[in-house]
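Residue numbers (the numbering used here), protein chains in the order written: chain R, 3 to 815; chain V, 884 to 1118.
Just so it is clear, CB atoms sit at the ideal spot from N, CA and C, and this is done for glycine as well.
Notes to accompany the following structure.
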Amino acid sequence: MTTQPETVSSDAAPTKQSGFAATDVLVNEFAEGPDTVEKALASPDELQPHAELGLKDDEYERIRQILDRRPTASELAMYSIMWSEHCSYKSSKVHLRQFGEKAPANTRMLAGIGENAGVVQISDKIAVTFKVESHNHPSYVEPYQGAATGVGGIVRDILAMGARPIAVMDPLRFGAADHPDTARVLPGVVAGIGGYGNCLGLPNIGGEIVFDPSYQGNPLVNALSIGVLPVERLQKKEATGDGNIVVLLGARTGRDGIGGVSVLASATFDEEAEQRRPSVQVGDPFMEKLLIESCLELYDAGLVSGIQDLGGAGLTCALTETAAAAGTGMRVWLERVPLREASMSPTEILASESQERMLLIVTPENLDAVLKVAEKWGVWATAIGEVTPAGADGTPGRLVISWNDHVVVDVPPGSLADDGPVYARPLREPGDLILLQADRAETLPRPSTGDELRETVLRMAASPNLCDKTWVTEQYDRYVLGNTVLAQPEDSGVLRIDEETGLGVALSVDGNGRFARLDPYEGARLALAEAYRNVAVTGAEPVAVTDCLNFGSPEDPAVMWQFAEAVRGLADGCLQLGTPVTGGNVSFYNQTGAAAIHPTPVVGVLGIFDDVARRVPMGFPPPAKAGGDLLYLLGETRNELSGSEWAWVTHGHLGGKPPKVDLAAEQALGRLMSRASKAGLVSAAHDLSDGGLAQALLESCLRRDVGAKVTFPEDGNSAFVHLFSESAGRAVVAVPRGHDKAFLALAAEFGVPVSAIGTTTEEQALEVQDQFTIPLAEAREAWSGTLKKLFGGPAEASGAERSVTLELTDPRG
Amino acid sequence: MRIGVVTFPGSLDDGDAARAARLAGAEAVRLWHGDPDLHGVDAVVLPGGFSYGDYLRCGAIARFAPVMESIIDAARGGLPVLGICNGFQVLCEAHLLPGALTRNQHLHFRNRDQWLKVEATNTAWTNRFTPGQEILIPVKNGEGCFVADQKTLDSLEGEGRVIARYVRGNPNGSQRDIAGITNEAGNVVGIMPHPEHAVEALTGPSLDGLGFFTSVLRALAGATADGQLAGGQQR
């Protein structure tokens, strides 16, 4: 079993960032036994492979200063992992501070940045925790396992806060839809997310699927999970209590995922990427399900003093972070760790990223009870160490790790967890930005006749980014747990939290790499605005934010500038909207060679419903006898097409400046929708974003096979601009006859621009007066066939099913 | 009436099945895979999920759980048992029902709202429906393709033991569009789609799923009245 890593390490040796030195070291360990503190003192000048492990020379020197000797092989591996970009946030820290500094006053947040996930109180007794994370690099190397363990990892973060995970979402970005490698990556990623999430019993309630050539060598696989907990069950990670027992719970430790964070997540890809497969973890959702149930039983029995999940950086991260957080020390006996492969070296055990593991801190008197619960669920639980006191002078304790009586690690845990290097990397606006922004899409040739507009609507509906995503979402279980009120393709996922009161939440996650490429500051605010709007149109009150910041190499000043601008934009936006960033994740090095991805800040917004029964769906309801519902366009439409889906689909064009952001207007729209849904004034609402009004109308019609007849307001905009502009702060709503006066009064009260644009109709067609008519059957044909053609397998979902499907979710029904 | 819902390691829809039983007016009693005691329940639901990770074969390990030995005996004695999705797979592995559930023909997990045509309504779990009635129930499985030899399929149809077929599209390639079947006595029913996900207007595509749970209550009421399954076939 040792042959595989050895082979790979020798193959990968030439690349500076190969990172397999961890297993090179292992070879020595077999020859001469493990490198110990004793040996380190005896051989101060022994050359060490710090560069291969991704440590810069000055970083290596700092380690020697901290330890006042050379690190042992195990210590070196631990520092290389904990000081990697992925774990230490060394390039992003100086910017991420703004999320704290600019955080709006908020009384709901029980836990925030720095915890495994942010926790938001939604009622006197109940809190929810949610977070989005990236698993981009592993998913490119091994799509199925990479995506599957991405779900597993974020779910354990949620679990570690004391919450029961209740849903997942997945924002996905791939290269060109028709590129052969996309046909390798996408089906694997989708199967991996489904395979893990479905088996875990978590409904998948939404996400994104975006295609763009900039992601060809670096697909983005982000995963969001949300959990619910009684406020008093909130868990801490601190390893407090001198003499408390350190318990490793869950799967046995194997050789999978060694060096994952330092190898995959902290280096750009090169031709050796294929050889890095052993750095990808392998998931077992059944074990994770048992882990969830046993942890929840342990929480409820009050048997846990501290808990931390094992994900990236495995034991190394969990041991150092729990000890550092408490300022205590820890004594660990590595030979007690249950292994899949007996031959594993201490370095490998410490570096392994084997999935489905949690680290528990329990009092000695509770140990037996803890082991019993683990036994009930058939999960391994092993006491591997104990908490040791801080120094008499109040200095933090030390982490001492032995392996068969060899002391292989003796470090101050804080030096790994908290005192990693921090870089203020150079920033430079991309040289091409001025030219890019000057090349506006508003000047491109446009369709003008009704026939041209009609053809453009159909062509765009069939394009990979706007087409029906059923082929993907049908592979996810959206029903399990029985609390899914709305799921994809709705604007937000809506979950019932409390069956008694109807208390619930809405979640949406959005990003637009093209907008961010044109202006990262505005791009981040546009992502926030869209997610906020998607939550608001369902009638929920947006309260908190999580983010996944996907960028290229931080060593490129242009990328670093994009990152700095995006963080500044998001922080400013959250301050203005009063929705704090509760946590998130940074993914750098999404770059192959010189080609970085579009800067892609992905933003998740959480909203609260006092009663989910009043949620507003996106589909137009079947017309009543008295006649169809009245359709209104909310917000202001401007001649804004730069970065739009229209410019991309019809001209392959990306240039100009993204649409104007008006967060005050977004807030007004949100307040209007919340009040309107409480008063039961709207039967449907759909956010306008990619593809503009044309796509929004088509989607709301197709959802339940209801037609619409539309006339554009006389506001100086051409029919083309009305159909395809991507101005922000807009939504289309359906208002049952009789409610229109009340709704218009409400819109006036909140100062939201509103124009009557038509009605829903018996006739199953989308008619734009004086321009064109598209029978819904023809629209569905164009819209629903694309992904099946590209990736094969199941795709069709007949409208008949859908119309009946949602009969009972009509707010008036 | 007390309806037991079994939890195996890896069961996922056990909470939903219990909720459905409650909404139908029954008392839901949670049964643990390791405990052979059925705690005097009047009927049992084997819920959906991935029991024991579906390792080896779907339902192949669950079938040997201590609770199953009691359920198998009780079922042979007439106890109403409903197996949903993974529960259906367990019933086949336990030989309480014929045939097997294999990988979907298209090889993908598929979750959609599925139309079914109810056929046999003389069972403990379908007596509230009318023959030919079309109902909308979510289907979600990766291994839901029902297969059996021709002779078995013929006798299932000949004896009126097909309780529902897929209509308006077959989601997994099941032979003869079979979505659910019953045993000779009509007390044991297996169905691949998920009735427990169609019991509330807020969260389901319809309320059609409730019929399965109200059916067993009627059957049990009948059973207590005249000592046999109402509408059930004679054994």
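Annotation note: the segment 620-659 of chain R contains the following uninterrupted alpha helix (DSSP H) runs of length 4 or greater, listed N- to C-terminal: 647-653.
The alpha carbon of Arg-1044 of chain V has as its nearest neighbour, out of V:Gly-931, V:Asn-1005, V:Ala-945, V:Asp-1032, the alpha carbon of V:Asn-1005. Taking all protein chains shown into account, Phe-101 of chain R has 16 or more neighbouring C-beta atoms within 10 Å of its C-beta and is therefore buried. The alpha-carbon of Val-604 of chain R is positioned some 16 Å away from that of Gly-495 of chain R. Residue pairing by DSSP puts Phe-213 of chain R in a beta bridge opposite R:Phe-176. Per DSSP, reduced to three states, the secondary structure at Glu-295 of chain R is helical. Inclusion of Ala-253 of chain R and Ala-327 of chain R in the CB contact set at 9 Å is not warranted, their separation being larger than that value.
Your pair Thr-131 of chain R and Gly-229 of chain R checks out as a contact, with CB atoms roughly 5 Å apart and the cut at 8 Å. Fewer than three Cβ pairs drawn from the segment 679-697 of chain R and the segment 589-598 of chain R lie within less than 8 Å of each other, which leaves the two stretches out of contact. Here DSSP, grouped into helix, strand and coil, assigns Ser-685 of chain R to coil. The beta carbon of Ser-1057 of chain V lies closer than 8 Å to those of Gly-1027, Cys-1028, Phe-1029, Val-1030, Tyr-1049, Met-1075 in the same chain, with the five residues before and after it left out.
CA-CA distance, Leu-528 of chain R to Cys-576 of chain R, rounds to 11 Å. With distances taken between CA atoms, Leu-906 of chain V lies nearest to V:Leu-1090 out of V:Trp-915, V:Gln-1033, V:Leu-1090, V:Leu-979. Secondary structure of Gln-218 of chain R (DSSP, three-state): coil. Note that the C-beta distance between Arg-427 of chain R and Pro-556 of chain R is below 9 Å. Counting the other CB atoms within 10 Å of its CB gives Tyr-938 of chain V a total below 16, which places it among the exposed residues.
For Ala-626 of chain R, the closest of R:Glu-764, R:Gly-654, R:Ser-646, R:Pro-491 by C-alpha to C-alpha distance is R:Glu-764. Of the residues assessed, Asp-180 of chain R falls on the exposed side of the cut-off, its CB having fewer than 16 other CB atoms within 10 angstroms. The shortest C-alpha to C-alpha distance from Ala-185 of chain R to any of R:Glu-48, R:Phe-590, R:Tyr-142 is the one to R:Tyr-142. For Thr-486 of chain R, the closest Cβ of chain V is nearer than 9 Å. At a beta-carbon threshold of 7 Å, none of the residues of chain V lie near Ala-225 of chain R; the nearest stands roughly 17 Å away. Only buried fits Ile-294 of chain R, as 16 or more other CB atoms lie within 10 angstroms of its CB. Cα atoms of Val-964 of chain V and Ala-1102 of chain V: separation of roughly 12 Å, rounded to the nearest angstrom.
Looking at the backbone, the Cα of Ala-568 of chain R and that of Gly-245 of chain R are separated by about 45 Å. The beta-carbon of Ala-615 of chain R is placed less than 9 Å from the nearest beta-carbon of chain V. The criterion of a C-beta distance shorter than 9 Å is satisfied by Asp-925 of chain V and Arg-885 of chain V. Listed along chain V are Pro-892, each with a C-beta nearer than 9 Å to that of Trp-379 of chain R. Counting only Cβ-Cβ distances below 9 Å, His-922 of chain V has no contacts in chain R at all, with the closest Cβ about 18 Å away. Ala-698 of chain R counts as buried, since no fewer than 16 other beta carbons sit within 10 angstroms of its beta carbon. If you check the CB distance, Ser-786 of chain R and Asp-470 of chain R come in under 9 Å. In the structure shown, the three-state DSSP call for Gln-310 of chain R is strand.
Taking a Cβ-Cβ threshold of 9 Å, none of the residues of chain V is close to Cys-469 of chain R; the smallest such distance is about 18 Å. By the Cβ neighbour-count rule, Asn-118 of chain R is buried, with 16 or more other Cβ atoms within 10 Å of its own. Contacts between Lys-1023 of chain V and chain R, judged by CB atoms closer than 7 Å, involve Asp-479, Tyr-481 in chain order.
Three or more beta-carbon pairs drawn from the segment 215-231 of chain R and the segment 134-141 of chain R are found closer than 8 Å, and the two stretches are therefore classed as touching. Going by C-alpha positions, Asp-126 of chain R is about 53 Å away from Arg-72 of chain R.
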